[in-house]
Every structure is written in C-alpha cells, then in structure tokens.
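Asks: Per numbering that gives the first Met the number 0, the very first residue in the sequence shown carries number 0; after that it's consecutive.
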Amino acid sequence: MNILAQIIAQQLQLPENGVENTLALLDLGCTIPFIARYRKERTGNLNEVQIAQISSAYDKLKEISKRKETIVKTITELEKMTPELEKRIANCWDATELEDIYLPFKPKRRTRAQVAREQGLEPLATILLLQREPQPVKAATRFVKGDVKDTDAALKGAQDIIAEMVSEDERSRNQLRSAFRRDAIITSKVVKAKAETEEAAKFTDYFDFSEPLRRCSSHRLLAMRRGENEGILRLSISADDDDCISRLKRQHVRGYGPCSQLVEEAVEDSYKRLLKPSIETEFSALSKEKADDEAILVFTENLRQLLLAAPLGQKRVMGIDPGFRTGCKVVCLDAQGNLLYHEAIFPHPPVNRRMQAKIHVEQMVEDYQIEAIAIGNGTASRETSEFVKNLEFKHKVQTFVVSEDGASVYSASKTAREEFPDEDVTVRGAVSIGRRLMDPLAELVKIDPKSIGVGQYQHDVDQTKLKKSLDQTVESCVNSVGVNLNTASQHLLTYVSGLGPTLAKNIVEYRRENGAFTSRAQLKKVPRLGPSAYEQCAGFLRIPGAKNPLDNSAVHPESYAIVAQMAKDCECTVSDLIKDKSKREQINLRHYVNDTIGMPTLTDIMKELEKPGRDPREQIEEFEFDPNVTCVDDLVEGMILPGIVTNITNFGAFVDIGVHQDGLVHISQLANRYVKDPNEVVKLHQHVKVMVKEIDHRRNRIALTMKIKNEK
Numbered sequence: 000m001n002i003l004a005q006i007i008a009q010q011l012q013l014p015e016n017g018v019e020n021t022l023a024l025l026d027l028g029c030t031i032p033f034i035a036r037y038r039k040e041r042t043g044n045l046n047e048v049q050i051a052q053i054s055s056a057y058d059k060l061k062e063i064s065k066r067k068e069t070i071v072k073t074i075t076e077l078e079k080m081t082p083e084l085e086k087r088i089a090n091c092w093d094a095t096e097l098e099d100i101y102l103p104f105k106p107k108r109r110t111r112a113q114v115a116r117e118q119g120l121e122p123l124a125t126i127l128l129l130q131r132e133p134q135p136v137k138a139a140t141r142f143v144k145g146d147v148k149d150t151d152a153a154l155k156g157a158q159d160i161i162a163e164m165v166s167e168d169e170r171s172r173n174q175l176r177s178a179f180r181r182d183a184i185i186t187s188k189v190v191k192a193k194a195e196t197e198e199a200a201k202f203t204d205y206f207d208f209s210e211p212l213r214r215c216s217s218h219r220l221l222a223m224r225r226g227e228n229e230g231i232l233r234l235s236i237s238a239d240d241d242d243c244i245s246r247l248k249r250q251h252v253r254g255y256g257p258c259s260q261l262v263e264e265a266v267e268d269s270y271k272r273l274l275k276p277s278i279e280t281e282f283s284a285l286s287k288e289k290a291d292d293e294a295i296l297v298f299t300e301n302l303r304q305l306l307l308a309a310p311l312g313q314k315r316v317m318g319i320d321p322g323f324r325t326g327c328k329v330v331c332l333d334a335q336g337n338l339l340y341h342e343a344i345f346p347h348p349p350v351n352r353r354m355q356a357k358i359h360v361e362q363m364v365e366d367y368q369i370e371a372i373a374i375g376n377g378t379a380s381r382e383t384s385e386f387v388k389n390l391e392f393k394h395k396v397q398t399f400v401v402s403e404d405g406a407s408v409y410s411a412s413k414t415a416r417e418e419f420p421d422e423d424v425t426v427r428g429a430v431s432i433g434r435r436l437m438d439p440l441a442e443l444v445k446i447d448p449k450s451i452g453v454g455q456y457q458h459d460v461d462q463t464k465l466k467k468s469l470d471q472t473v474e475s476c477v478n479s480v481g482v483n484l485n486t487a488s489q490h491l492l493t494y495v496s497g498l499g500p501t502l503a504k505n506i507v508e509y510r511r512e513n514g515a516f517t518s519r520a521q522l523k524k525v526p527r528l529g530p531s532a533y534e535q536c537a538g539f540l541r542i543p544g545a546k547n548p549l550d551n552s553a554v555h556p557e558s559y560a561i562v563a564q565m566a567k568d569c570e571c572t573v574s575d576l577i578k579d580k581s582k583r584e585q586i587n588l589r590h591y592v593n594d595t596i597g598m599p600t601l602t603d604i605m606k607e608l609e610k611p612g613r614d615p616r617e618q619i620e621e622f623e624f625d626p627n628v629t630c631v632d633d634l635v636e637g638m639i640l641p642g643i644v645t646n647i648t649n650f651g652a653f654v655d656i657g658v659h660q661d662g663l664v665h666i667s668q669l670a671n672r673y674v675k676d677p678n679e680v681v682k683l684h685q686h687v688k689v690m691v692k693e694i695d696h697r698r699n700r701i702a703l704t705m706k707i708k709n710e711k
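#1: Using the C-alpha atoms, what's the distance from Q12 back to L3?
#2: Along the alpha helix (DSSP H) that carries T442, what are the first and last residues, could you check?
#3: The alpha helix (DSSP H) that contains M565, what's its start and end?
#4: Note the first and the last residue of the continuous alpha helix (DSSP H) segment covering D26.
#5: Could you say if the segment 178-185 and the segment 238-257 meet the contact criterion of at least three C-beta pairs nearer than 8 Å?
#6: Contact between the segment 60-79 and the segment 29-47: three or more CB pairs below 8 Å?
#7: Give me, in chain order, the residues of the same chain whose beta-carbon lies closer than 8 Å to that of Q685; leave out the 5 immediate sequence neighbours on both sides.
#8: Could you check the C-alpha separation between C637 and G662 for me, to the nearest Å?
#9: Would you say L492 and V444 are within 7 Å of each other, going by their C-beta atoms?
#10: Comparing alpha-carbon positions, which option in R272, D625 and K675 lies nearest V689?
#11: Give me the residue from P677, G657 and Y367 with the minimum Cα distance to C630.
#12: If contact is defined by three or more beta carbon pairs under 8 Å, each pair taking one atom from either stretch, is the segment 105-118 in contact with the segment 227-237?
#13: Taking only runs that begin and end inside the segment 200-275, name each unbroken alpha helix (DSSP H) of 4 or more residues, in chain order.
#14: Just to confirm, are Q368 and R315 a CB contact at a threshold of 7 Å?
#15: Helix, strand or coil for V525? Go by DSSP, reduced to three states.
#16: Taking 7 Å as the threshold (C-beta atoms), are I50 and A115 in contact?
#17: Could you tell me whether the segment 125-145 touches the segment 84-99, where touching means 3 or more Cβ pairs closer than 8 Å?
#18: Do the segment 328-344 and the segment 418-433 make contact, defined as three or more Cβ pairs closer than 8 Å?
#19: Would you call the segment 299-308 and the segment 464-480 in contact, with 3 or more CB pairs under 8 Å?
#20: What does DSSP give as the partner residue(s) for L640 in the beta ladder?
#21: Closest to Y270 by C-alpha separation, out of G256, L175, V18 and N505, would be which residue?
#22: Between the Cα of P122 and those of S166, G145, A157 and A152, spot the shortest distance and give me the residue it belongs to.
#23: I'd like the list of long-range same chain contacts for D146, defined as Cβ closer than 7 Å, with 5 residues on each side in sequence excluded.
#24: Evaluate G717 with the Cβ neighbour count: other Cβ atoms within 10 Å of its Cβ, from every protein chain shown; 16 or more gives buried, anything less gives exposed.
#25: How would you label K144, buried or exposed, when you count the other beta carbons within 10 angstroms and need 16 or more for buried?
#26: Is N505 near P526, with beta carbons less than 7 Å apart?
#27: With DSSP as the reference, label E163 as helix, strand or coil.
#28: Quick check on DSSP: helix, strand or coil for F282?
#29: Measure the alpha-carbon distance for A429 versus R381 and round it to whole angstroms.
#30: According to DSSP, which residues form a beta bridge with S187?
#31: Check whether the segment 346-356 and the segment 458-469 are in contact - that is, three or more C-beta pairs closer than 8 Å.
#32: Are the CB atoms of D470 and S518 nearer to each other than 7 Å?
#33: Go ahead and pull the three-state DSSP assignment for N678.
#34: From which residue to which residue does the alpha helix (DSSP H) around E342 run?
#35: According to the neighbour-count rule (16 or more other Cβ atoms, all chains shown, within 10 Å of its Cβ), is G375 buried or exposed?
#36: Distance check for P321 and N351, CA to CA, integer angstroms please.
Below is the structure:
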C-alpha cells in the first residue's frame, strides 16, 4: 500500500483501496469529473467532492515530500545528519513538525546566539543549563578573552545561546502552540490618524475589537486583515504571557540556585524576543489560511449555484443593457445566441424619447420573433423593467431581470473582441446579458469568476488557491451539465474534461472546416486529440440528432457495446430501448457485470437511457419587484417585500429588493431556528419574501429578516 494513500485515507476517513486507485488515476492525468463519473468501480464509488479532497491532500503531501528532500540535503551538507534524524524526517508528514525538526539546522542570519558561539561561549551555556554550578560568575571567568570583555558579557552571551536553544526546542514550541490554540486573543485597534477618514467608516466595528482567535469567524478575520492592509487597523494575536512563561520555566528551570536564576532570565528573554513573535506569526498565518479556506468554500458554492442557475434554453431573446443618459442598448439574438440586430433607445430622462423607444422595441420583438427579454440589473434596471412591461406585443413575451455582474469585464475581454470585432463594448455587454438568460453556464465561463460578484473578500484570500478551487468548480459544473459539441464556444469547450485551450480551439476549427459533428468518434480526427483526451472528454460531449442516440447521452463510448448487447437481448434497437420503458424493465443488470463494468456504472447507464442528455438544472421562473418601491427612500421598517438572493456569505444572504442596494439577511434572521450554514435555507437567485428590519442611511446599509411570522 502506498504510504501517501494510507495517510490520506486516514486523514479523510476513506477506504485505503479507493484512495490508492484514485491516486493512480490522478497520476495518469485523469480529471476529477471523469474519475467520479466513469471510474466508480475503481474508486469504490467515491463522489466528486471526496476525489477533490484526495487530490488536494495528495498535492500537499507531495509538497512536503519535496521539502523533506531539501531538508535532508541541507543537513547532510552540514555533516550533521544521523540515522535517527534521517529516519525521523522520513516518517514525518506534518509540515509544522518537519519545520521544527529542521529549525536547529536551518541557515539563519547572524544572531546574538551565533555571535556568542563564535566567541566560544557554548560550553558556558551548557554549564548553566545543567544548573549544578554553585558559582556561575567564577565559571565565567575562564571565558573572558578576545571580544568577551568581562564575566557579565560572558554570562550574557551564554544566556543568548540558551534563549535560542529554548526557542528551537520542539517541546517548548508545542507548549506555546497549545496555549495559543486554547487561549489566543485577536485584537484590533484603529490607527488614530485614520479614525475619522471616509475609508475607515466601513471598519468601525473593528476600531476597538477583541475576541478569542478560535471563535473569530472567517469574514471578521478577513475584514480586519483588509483594514490592516489599508493602514486603518492594527492587529495582534497573543496568549497569556505570564502563563506561557511559567510553562516554559517549569520545563527548563530546575531548582533555585544562581544558575537556575540565569536560565530563568534566558527563558523569559527567549519567550519575549524569539518564541512569542514566531508563534504569533505562525498563528496569524494559520488563522488566515483557515479564513481563506472558509471564504473560498463560500465562493465556490456560490459560483456552483450561479453556473447551474436555471436556463431559459434555446429561444430568441432580446437583451437590454439599461441606462439613463447614454440610453439602453438593445440587442436581438437568435435561438443559438447569434447577434441579429442592435440599436440604442432612450426611454428615460434626460432624453425622454419614450414613445419612439416603445415603437422600436415593439417592432423589434415582432421582426425578430423575440420570445423573452433579458434586462440587466444595474443602473435604470427598475425603470426599464417597468417600461418593457407596459409595452404591447402581438405574442407572449416573458421578461426577466438578469445579473450583469462581470458583463463589463467580458465586453472588454479578448474573448468578446474575438466574437464581435466590429461592435463596441456596450453591444457586447447587452449580448452577454441576453445569453446569460439563455444559458448562464455557457456565458459565465467566459468571465473571470472573481468578477461575477459572488462570495466574500475574494480579493483578500490566497489567489493561487482561489483560482484552483474556482477552476475545479467551473470544470465540475460544465461536465455535470454536459456540452453540445456542435454549438459550444471555444471557451466552454476548454473546461470539458481532458480538453483545455488548445484542443478546444482545434475542435472549433475542425467544426468550421468540416461542418457539424455527426458522431463522437469523429473527435478522433481532430488534430492532437489522442486516445487519452478522447477517453476523458467523450462522455461529456453531446451531439443532438446523432445517428447513435447514445452520442447525445452521458453514456461513455466505452460502454456502447454493453448497451448494444442489452438491446440485442431485448430484441430491439438502442433507440427502442430508450423510448420503451417496458423494454428497459426486462433487463437484469447483473447479467452484464464483468471485470471492468460493475453495478455502479450499469445503474448510471440505465438512468441515462431513461432520460438521455437530461439537463440537471431547474426551470427558470419570472419575478416582479414591488412596483411601489424603487429607491432606498421608499423603504419603511416593517415593510414586507419580494426579493432575489444575489449573494450568500457565511454570515448571511444579500437580497435584491429593487432599490439599487442589496439588503442583508443576517444568518440569525434567515429562519425561526438556529442556522449553521445559510445554504441550508437559501440558494442563489431564489425568490424570497423579506421584511425591512433597519435602514442605515449613513452607511448605505439595509437590514432584512426572513423571520416574518415572528415579527408581525
């Protein structure tokens, strides 16, 4: 059994065999969605979350392994390696413990202890540490020579050596870690010179704040860190100094003699000058890492919900990017999202060409047979929605308000310029709004997830870790929905398992030169798309109307023969098997179990035959804000309003109630019970009823509650 597989299995409480097989698949370059969907027999039916956790733990252990190589090399070059030390390093898989082992050997700048060693005072430090010498001053006279001018200097140098030895002692460091874990307090104070500034206003909650570090939530910690980075707050993390020093003294000081007194002084100096700053820095980093992980988890969950939001589907859509002075940019799209026509209308002040705008929009809806209208939720959104709802169409037209977060980022991006080289950013933005209604996933993958407007403090967390997590989330969502091979953009194809930018581009170019794909097998003709990439991607790509109906399903080509055998045994075609439930009910799955395909895969195949190519996303619903409320001044405490959940954090949910400023439903106000995670109660884009609890005009904040029954 692989030692790393054993460690990971123990950490995550998962079966060792499943973990080992998962690591083997990851080493072969298999993606997480592919492993989770098509290698269930190998992994023991581990799900995507568990496989992602295994992958993350594996990466960490590989980093530790590299670090161990560096440490062994350094200690060996110093000629201080022993068999016991080498064995201990080999058996260590904890990053903190590994650094503690290495600390005494770690190259460091010229410390006070190093200077004392160079002066030959290490033997004196050993004498003091033994704490048996009745006359340490007399013992020190032997070391008064060269740069050591007197016994005081000798003893001081010896104490510096002891202080460093204490600071590098593993047991001492672990004692302090234990104290910090249990008792550390994080304190935040405002920088007096910044207290009255405008930028400091958002940090007023932390001007004089302290709480146990173990209870400090990620959003509070990240808020304080941001305040510190902006020069508005000063943070500190500390435990009970007297208790920490007392613990260290009990460990290192024996008796009450003169040597013991000198060691006691050295221990106190070690704590204040070396140990405390080191452990405080360590806990500062650990708490930041924990807060980052929590914030990234919130962000990825929000992103997942956003990407998997209900699509309208392939309908002819009008996209409107609202505005006052510059007008509303209107685009008409066909059912595939292609731009047919665009123009600007000016129904609002200061231009006020309302009648002309009415005639033009009604004509466009008729000319292009528009079935739905998507209106961006930014400036002039409410006014534009009211304008559109008062128009008269000859056929039914649905109206939706769509989040335009990140639309401006997309419209100025290279992707948008390549799609619409002859159009300006306003047209591209309106197209993005229209396409988001049709298929949020296909459009949002073109935008940097950090610009989509969900999550908390995403610019303050570890950016490398955030990017990896978000990319994994996008890949997971794209592959869980599946991608139409003949209509997907290059950007969307990039996230399909096993592809990436180069193969995605090659697929689009092949499609352009040879026409639509008629079978998955044609993918093998795409330049540079080899057997491994084909194996990874084929099951996630759909071809509606393909000759083989399985090409429009999540059944992997490697399982086509099994389905064909099922159809043969039922004396029908594969198409008949899909259409006729009674045929499928005749199948005994156990007859088709073999060395490579087990019940998990066969069960998935039967689910897919029941609804081939099904979209796992929900159906979209229309929504209307309260027509009597359009700005913050219209709000009154106690007012009950409809709203849309726009963002979820670990301290609550933000809700758009149609006043250009989202309100916050604090986690304590989400339900008439204790709520640990807001996702238990609400989802992004969910339609909710909220009550206005408080309006803070100075800080432009709206407090809402969903505990309406209790507050009537």
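The beta-carbon is built from N, C-alpha and C at its ideal position, and this holds for glycine as well. As the structure is a computational prediction, the values presented were derived from the model and not from experiment.
Replies: Working from what's here:
#1: Within the sequence shown, numbered from 1, the residue matching residue 3 stands at position 4. Within the sequence shown, numbered from 1, the residue matching residue 12 stands at position 13. If you take the alpha carbons of L3 and Q12, they lie about 14 Å apart.
#2: Stepping through the sequence shown from its first residue, residue 442 is reached at position 443. Residue identity differs from the one stated: residue 442 is Glu in this sequence, not Thr. P439 to L443 is the extent of the alpha helix (DSSP H) around E442.
#3: Against the sequence shown, residue 565 aligns to sequence position 566. Per DSSP, M565 belongs to the alpha helix (DSSP H) from Y559 to D568.
#4: In the sequence shown, residue 26 corresponds to position 27, counting from 1. That run of the alpha helix (DSSP H) goes E15 to D26.
#5: yes
#6: no
#7: Walking along the sequence shown from the start, residue 685 turns up at place 686. Same-chain partners within the cutoff: I643 and V644.
#8: On the sequence shown, position 638 is the one that residue 637 refers to. On the sequence shown, position 663 is the one that residue 662 refers to. One detail in the question is off: residue 637 reads as Gly in this sequence, not Cys. C-alpha separation (whole angstroms): 14 Å.
#9: Translated into positions along the sequence shown, residue 492 becomes position 493. Translated into positions along the sequence shown, residue 444 becomes position 445. Against a cut-off of 7 Å, the Cβ pair of V444 and L492 comes out as no contact.
#10: Residue numbering aside, residue 689 sits at position 690 when the sequence shown is read from its first letter. Checked all of R272, D625 and K675; the closest Cα to V689 is D625.
#11: For the purposes of this step, residue 630 is taken as the residue at position 631 of the sequence shown. The candidate whose alpha carbon is nearest that of C630 is G657.
#12: no
#13: 217-228, 240-251 and 257-268
#14: Position 369 of the sequence shown, counting from 1, holds the residue named residue 368. Position 316 of the sequence shown, counting from 1, holds the residue named residue 315. Yes, these two residues count as a Cβ contact at 7 Å.
#15: Looking up residue 525 in the sequence shown gives position 526. Three-state DSSP puts V525 in coil, outside helix and strand.
#16: By 1-based counting over the sequence shown, the position of residue 115 is 116. By 1-based counting over the sequence shown, the position of residue 50 is 51. No.
#17: no
#18: yes
#19: yes
#20: Taking the first residue of the sequence shown as position 1, residue 640 is located at position 641. Answer by DSSP bridge pairing, in chain order: V689.
#21: For the purposes of this step, residue 270 is identified with residue 271 of the sequence shown, where counting begins at 1. Ranking the options by Cα distance to Y270, first place goes to L175.
#22: Your numbering for residue 122 matches position 123 in the sequence shown. That would be A157, whose Cα lies nearest to the Cα of P122.
#23: Position 147 of the sequence shown, counting from 1, holds the residue named residue 146. Q118, listed in sequence order.
#24: Residue 717 falls outside the range modelled here, since the chain spans only 0 to 711, and no answer is possible.
#25: Here residue 144 refers to the residue found at position 145 when the sequence shown is read from its first residue. Result: exposed.
#26: In the sequence shown, residue 505 corresponds to position 506, counting from 1. In the sequence shown, residue 526 corresponds to position 527, counting from 1. Yes, the Cβ-Cβ distance between N505 and P526 is below 7 Å.
#27: As a first step, residue 163 must be located in the sequence shown, where it is residue number 164. Of the three classes helix, strand and coil, the one that applies to E163 here is helix, per DSSP.
#28: For the purposes of this step, residue 282 is taken as residue 283 along the sequence shown, with counting starting at 1. Here F282 sits in helix by DSSP.
#29: Here residue 429 is taken as the residue at index 430 of the sequence shown, counted from 1. Here residue 381 is taken as the residue at index 382 of the sequence shown, counted from 1. Each residue's alpha carbon lies about 16 Å from the other.
#30: Residue 187 sits at position 188 when you count from the first residue of the sequence shown. Bridge partners of S187: F208 and L234.
#31: no
#32: Numbered from its first residue, the sequence shown carries residue 470 at position 471. Numbered from its first residue, the sequence shown carries residue 518 at position 519. Contact: no.
#33: For the purposes of this step, residue 678 is identified with residue 679 of the sequence shown, where counting begins at 1. It is helical.
#34: For the purposes of this step, residue 342 is identified with residue 343 of the sequence shown, where counting begins at 1. Careful: E342 lies outside any alpha helix (DSSP H), inside the beta strand (DSSP E) at L338 to I344.
#35: Position 376 of the sequence shown holds residue 375. So G375 counts as buried.
#36: Within the sequence shown, the letter at position 352 stands for residue 351. Within the sequence shown, the letter at position 322 stands for residue 321. The alpha-carbon atoms of N351 and P321 are separated by roughly 14 Å.
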